[in-house]
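**Student:** First the structure, then my questions, so here it is.
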Amino acid sequence: MKASVKWTDGRQFVAEAGSGHSVVIDGPPDHGGRNTGPRPMEMLLMGMGACTSFDVLEILEKSRAPVSDCVASIEAERADSVPSVFTRIHIHFTVSGQGLKEKQVKRAVELSADKYCSASIMLAKGGVEVTHSFTIVED
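For the sequence shown, my numbering assigns the number -2 to the initial residue and increments by one for each residue that follows.
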């Protein structure tokens, strides 16, 4: 896997993944940015949320669960001192569908957290307290 990050101006960068997709990353104006994109640490959280959501959906779809929507809401706390690493991350899944079984959703979230999500497992092994919860919404 490869990526490149090119500085454009101020604290703005264009990151390009090996797959050819690009995203603008920027800082806040008080740090020389123009607020034209997410912050680097926000990108890390969004990547983790997408990684675990990918797993949860794949596991539910393989078990033929009737999923119509899945939203991962992520809240994180960071250390007060530099480096301002993440200390806690909580991911709450809101999974929608008709007749979803709590046992299936719970299993999908646990498998992602404990076995499949490289991003959240890597952060947890690095000392971040990562927790998960879910709500099922009937369509």
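Cβ coordinates follow ideal geometry from the N, Cα and C atoms, glycine included.
Between the stretch 92 to 101 and the stretch 112 to 119, do at least 3 Cβ pairs fall closer than 8 Å?
**Tutor:** Because the criterion of three Cβ pairs below 8 Å is not met, the stretch 92 to 101 and the stretch 112 to 119 do not touch.
**Student:** Assuming Ala69 contacts Ser50 under a Cβ cut-off of 8 Å, what Cβ separation, rounded to an integer in Å, is found between them?
**Tutor:** The pair is a contact, with the Cβ atoms about 5 Å apart (cut-off 8 Å).
**Student:** According to DSSP, is Ala105 helix, strand or coil?
**Tutor:** Ala105 falls in the helix class under three-state DSSP.
**Student:** So what does Asp6 bridge to, in DSSP terms?
**Tutor:** In the DSSP output, where bridge partners are listed per residue, Asp6 has Gln9.
**Student:** Just curious, the beta strand (DSSP E) that Cys67 is in, first and last residue?
**Tutor:** Segment 64 to 75, the beta strand (DSSP E) holding Cys67.
**Student:** What span of residues does the alpha helix (DSSP H) with Gly46 cover, start to end?
**Tutor:** Looking at the DSSP string, the run of the alpha helix (DSSP H) that includes Gly46 is 37 to 59.
**Student:** Check whether the stretch 24 to 38 touches the stretch 0 to 10, taking contact to mean three or more Cβ pairs, one atom from each stretch, closer than 8 Å.
**Tutor:** Short answer: they touch.
**Student:** Residues in its own chain within less than 8 Å of Glu107 by CB, not counting five upstream and five downstream?
**Tutor:** Closer than 8 Å at the Cβ level, and outside the excluded window around Glu107, lie His129.
**Student:** Got a sec, what are the start and stop residues for the beta strand (DSSP E) Ser130 sits in?
**Tutor:** Start and end: 126 to 135.
**Student:** For Asp136, is the classification buried or exposed, using 16 other Cβ atoms within 10 angstroms of its Cβ as the cut-off for buried?
**Tutor:** Classification for Asp136: exposed.
**Student:** Cα separation between Thr84 and Leu120?
**Tutor:** One C-alpha to the other measures close to 9 Å.
**Student:** Quick one: Cα of Glu39 to Cα of Ile71, how far?
**Tutor:** Glu39 and Ile71: Cα-Cα distance of roughly 10 Å.
**Student:** Might you give, ordered along the chain, the residues of its own chain that have their beta carbon closer than 8 Å to the beta carbon of Arg75, omitting 5 neighbours on each side?
**Tutor:** Result list for Arg75: Met38, Ser81, Val82, Phe83, Thr84, in chain order.
**Student:** Of the choices Ser1, Met(-2), Val20, Gly46, whose alpha-carbon is the least far from that of Ala110?
**Tutor:** It is Gly46.
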